[in-house]
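Residue numbers (our numbering): 1458 to 1744. Read through the structure below, which is laid out as structure tokens, and then see the notes.
Listed below in structure tokens is the structure:
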């Protein structure tokens, strides 16, 4: 499927083609994909434009909304200003994540592009990802989970039900509390042991599992602690006209609130749980 940089993606895999694509991915990379669901989730989050200049793996709680909005503006020369409320998503800037539906961007899963496609020398595609301090990301994920409860949304409902039933998480008392955060971390650890890390929701799944750096092999790795450097490097390598950093989208806290909130949830027990759950993140990404 070849695409002009000025034309949308008009085609996508049929259900039968999609099933074949996922089966081939499992057979080619059994060490990365224990099942079709794991392969599906991975290829679903690899996003790219018609120009095929870059591919971005959209990791939950790692500034994906901001990065994708920036990539849109750099790619098309205009900011995304469409307003189209999502019926479930609690992200107030969710429009950017719907672009593959309309062929403005696409996803590897929809086109049937394996990693060999993105790594082909003739395409010279940059592969982008953003990583984040695992402890700060876990706190941000917990706050986001609590936001879904406060809004009475179906977003994250399966996880909220499981926390309620299996960990006695009281959504009337434990929401946005240090106790609730510890229950949340125990829940993540329990789910990894029970179902494997690939089954964990992408907003708090280990980043190493989500990005699969040995497979995706990112050429540009941004760090949420220094996004200006990420935007500058991406602009230079991709050939964008402006490295200017965008305004952050879907932020859960203001900078003034962040220090107080993180201090509230910080404890030796929470740190220890995070070091166990996100061991590969700390080691591989240098945190």
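Ideal placement from N, C-alpha and C gives every residue a C-beta, glycine not left out.
Check: Top-ranked residue by Cα proximity to residue 1496, from 1719, 1692 and 1672; Outcome: 1672
Check: Closest residue to residue 1566 among 1532, 1469 and 1645 (Cα-Cα distance); Outcome: 1469
Check: Residue 1733 versus residue 1489: straight-line alpha-carbon distance, rounded; Outcome: 20 Å
Check: Continuous beta strand (DSSP E) stretch holding residue 1512: start and end; Outcome: 1511-1514
Check: Per-residue burial, residue 1526 [other beta carbons within 10 Å of its own, 16 or more giving buried]; Outcome: buried
Check: Host alpha helix (DSSP H) of residue 1734 (start-end); Outcome: 1725-1734
Check: Cut-off 6 Å between Cβ atoms - residues of its own chain near residue 1493, not counting five sequence neighbours on either side; Outcome: 1479
Check: Cβ-based burial, residue 1536 [other Cβ within 10 Å; buried from 16]; Outcome: exposed
Check: Other residues of its chain near residue 1744: CB distance less than 7 Å, five sequence neighbours each side excluded; Outcome: 1590, 1591 and 1738
Check: Cβ-based burial, residue 1506 [other Cβ within 10 Å; buried from 16]; Outcome: buried
Check: Beta strand (DSSP E) segment containing residue 1556, residue limits; Outcome: First-last for residue 1556: undefined, no H or E at that position.
Check: Cβ pair residue 1512, residue 1575 closer than 8 Å; Outcome: yes
Check: Residue 1494, enclosing alpha helix (DSSP H) - first and last residue; Outcome: 1493-1501
Check: Proximity of residue 1661 and residue 1645 at Cβ, strictly below 8 Å; Outcome: yes
Check: Own chain residues within Cβ distance below 6 Å of residue 1641, not counting five before or after; Outcome: 1599
Check: Among 1516, 1467, 1583 and 1471, nearest to residue 1697 - alpha-carbon criterion; Outcome: 1583
Check: Three CB pairs or more closer than 8 Å across the region 1548-1561 and the region 1617-1626; Outcome: no
Check: Chain-order list of residues whose beta-carbon lies under 7 Å from that of residue 1467 (same chain, five-residue window excluded); Outcome: 1560
Check: Residue range of the unbroken alpha helix (DSSP H) whose run includes residue 1637; Outcome: 1635-1652
Check: Local Cβ density within 10 Å of residue 1464, reported as buried at 16 or more and exposed below that; Outcome: exposed
Check: From 1659, 1587 and 1577, residue whose alpha carbon lies closest to that of residue 1602; Outcome: 1659
Check: Sequence-distant residues of the same chain with beta carbon closer than 7 Å to residue 1606, five excluded per side; Outcome: 1617, 1628 and 1632
Check: Beta-carbon contacts of residue 1630 that lie in its chain and below 6 Å, excluding the five residues immediately before and after; Outcome: none
Check: Check whether residue 1415 and residue 1670 have beta carbons under 8 Å apart; Outcome: The question about residue 1415 has no answer here: the residues shown for the chain are numbered 1458 through 1744.
Check: Spatial distance of residue 1597 from residue 1636 (CA atoms); Outcome: 15 Å
Check: Residues of its chain near residue 1532, where Cβ-Cβ distance is below 7 Å and the 5 sequence neighbours each way are ignored; Outcome: 1506 and 1508
Check: Alpha helix (DSSP H) segment containing residue 1625, residue limits; Outcome: Residue 1625 -> no alpha helix (DSSP H), and no H or E assigned at all.
Check: Alpha-carbon to alpha-carbon, residue 1579 and residue 1610; Outcome: 45 Å
Check: Endpoints, alpha helix (DSSP H) assigned at residue 1594; Outcome: 1591-1607
Check: Distance CB(residue 1668)-CB(residue 1586) smaller than 8 Å; Outcome: yes
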